[in-house]
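Accompanying notes for the structure given below.
In the numbering used here, the protein residues as written are 121 to 299.
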């Protein structure tokens with residue numbers, strides 16, 4: 121979703137307005153070629169599927185050549201009865217391979233676990249429970265001595281990682297070296 125800020129004049133007064141829009145990128149693999157972007161009329165599953173299908177037709181992208189559809193694992197996209205992929209399958213009259221990103225797969229379960237153990241969050245960047253309050257300074261804590269756990273070497277350029285991913289890599293390397 122993209123949040124669009126704009127000004128709207130009503131009479132002689134100018135008001136600031138915000139609108140959320142769903143923007144969907146269409147890419148072609150292999151090679152990660154950017155094909156275009158679509159903005160559905162609404163955020164409903166059927167409107168998203170219609171918009172993607174219309175874009176493919178309008179740009180002479182033959183849908184019978186489509187081998188797979190990729191998206192995140194939200195039920196809106198991957199729901200077996202009325203998800204976006206299911207709606208596209210009905211339009212192209214065949215089932216392409218589903219490529220579901222699992223990056224956020226555990227996010228909801230972990231959120232529920234932390235809320236159950238520690239209480240609800242008090243905002244997007246603030247916490248109220250004892251456990252989570254200790255996590256806010258975890259990067260500053262010293263690593264205690266412990267026995268290393270051997271694992272294979274992760275060869276990755278740190279600049280390709282987000283700050284959270286770099287921190288996770290730092291934790292993994294600490295576990296591997298024992299320091």
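Idealized CB from N, CA, C, for every residue including glycine.
Any alpha helix (DSSP H) of 4 or more consecutive residues that is wholly inside the stretch 255-291: none
Same chain, Cβ closer than 8 Å to residue 217, five either side skipped, listed in chain order: Translated into positions along the chain shown, residue 217 becomes position 97. For residue 217, where only same-chain residues beyond five positions count, the Cβ hits under 8 Å are 187, 188, 189.
Under 8 Å: do the stretch 267-286 and the stretch 224-241 share three or more Cβ pairs, one atom per stretch? no
Would you please state the rounded distance, in angstroms, between the beta carbons of residue 158 and residue 172? I believe it to be under 8 Å. In the chain shown, residue 158 corresponds to position 38, counting from 1. In the chain shown, residue 172 corresponds to position 52, counting from 1. 6 Å between Cβ atoms; contact.
Rounded to whole angstroms, what's the CA-CA distance from residue 297 to residue 145? Just pull it up for me. Sequence index remark: in the chain shown, residue 297 carries index 177 (1-based). Sequence index remark: in the chain shown, residue 145 carries index 25 (1-based). Answer to the nearest angstrom: the Cα atoms are 41 Å apart.
Within the same chain, show all residues whose beta-carbon is closer than 8 Å to that of residue 292, passing over the 5 residues directly before and after it, in chain order. In the chain shown, residue 292 corresponds to position 172, counting from 1. For residue 292, where only same-chain residues beyond five positions count, the Cβ hits under 8 Å are 271, 274.
Might you give, ordered along the chain, the residues of its own chain that have their beta carbon closer than 8 Å to the beta carbon of residue 256, omitting 5 neighbours on each side? Residue mapping note: residue 256 aligns to position 136 of the chain shown, counting from 1. Counting only Cβ-Cβ distances below 8 Å, and skipping sequence neighbours, we find 247.
Under a three-way DSSP split, which group does residue 141 fall into? Here residue 141 refers to the residue found at position 21 when the chain shown is read from its first residue. Here residue 141 sits in strand by DSSP.
Could you check how far apart the C-beta atoms of residue 183 and residue 212 are, in whole angstroms? I think they sit under 8 Å. Locating residue 183 in the chain shown gives position 63, where the first residue counts as 1. Locating residue 212 in the chain shown gives position 92, where the first residue counts as 1. The Cβ separation is near 4 Å, so the contact holds.
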